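Quick note on my numbering: the sequence shown kicks off at 56 and runs consecutively. Even for Gly, the Cβ is constructed at its ideal location relative to N, Cα and C. Bear in mind the structure is a predicted one, so any value in this text is a computation, not a measurement.
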Amino acid sequence: MVKFLLILISLTVLSLSTADAAIYKGQRVFIKKCLKCHESGQNFVAKYKMKQWKKWMKKKGKPLAELHLKNKKAKKSWKYFKSRKYVKKSKHLKQFLIEYAKDSGNVPACN
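Okay, structure coming up:
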């Protein structure tokens, strides 16, 4: 019984620790993938309010991906938005974009 309880607690802790999104990981994704086209960086994120970022990042970022895939100017990013990597990391990107949205009052670090 004790072994079962320890295993159950371990699995619960492990699943909770991997479920949360991390702002710093989203910032890393933004720097690596988004700054290529959105060079203004900090100003770009703060251009939109939290509500708009939440809308674009619903369903693992599908609306944001569609927005880019419809735009011929964003052709450089099409491969990324079609990839599993984007879907996998979208929760982190969402967290970052919402944290530093126009109406959040927060400003990201310059690293």
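Notebook entry, point to check: Can you tell which of 156, 141, 126, 119 has its C-alpha closest to the C-alpha of residue 87?
Noted result: 141
Note to self: Going by C-alpha to C-alpha distance, which of 156, 144, 163 sits closest to residue 102?
What the structure shows: 156
Margin query: Given a cut-off of 8 Å on the beta-carbon distance, is the pair residue 151 and residue 99 in contact?
Written below: no
Notebook entry, point to check: Just to confirm, are residue 76 and residue 149 a CB contact at a threshold of 8 Å?
Noted result: yes
Next item on the list: Spatial neighbours of residue 116 within its chain, please: CB distance less than 6 Å, with the 5 preceding and 5 following residues excluded, ordered by chain position.
Entry: 145
Item checked: Close-in-space but distant-in-sequence residues of the same chain around residue 110 (CB under 6 Å, 5 per side omitted) -> none
Check: Using DSSP with H/G/I as helix, E/B as strand and the rest coil, what is residue 159?
Finding: coil
Margin query: For residue 78, which residues in the same chain have their Cβ closer than 7 Å to its Cβ, ignoring the five residues on either side in sequence?
Written below: 150, 151, 154
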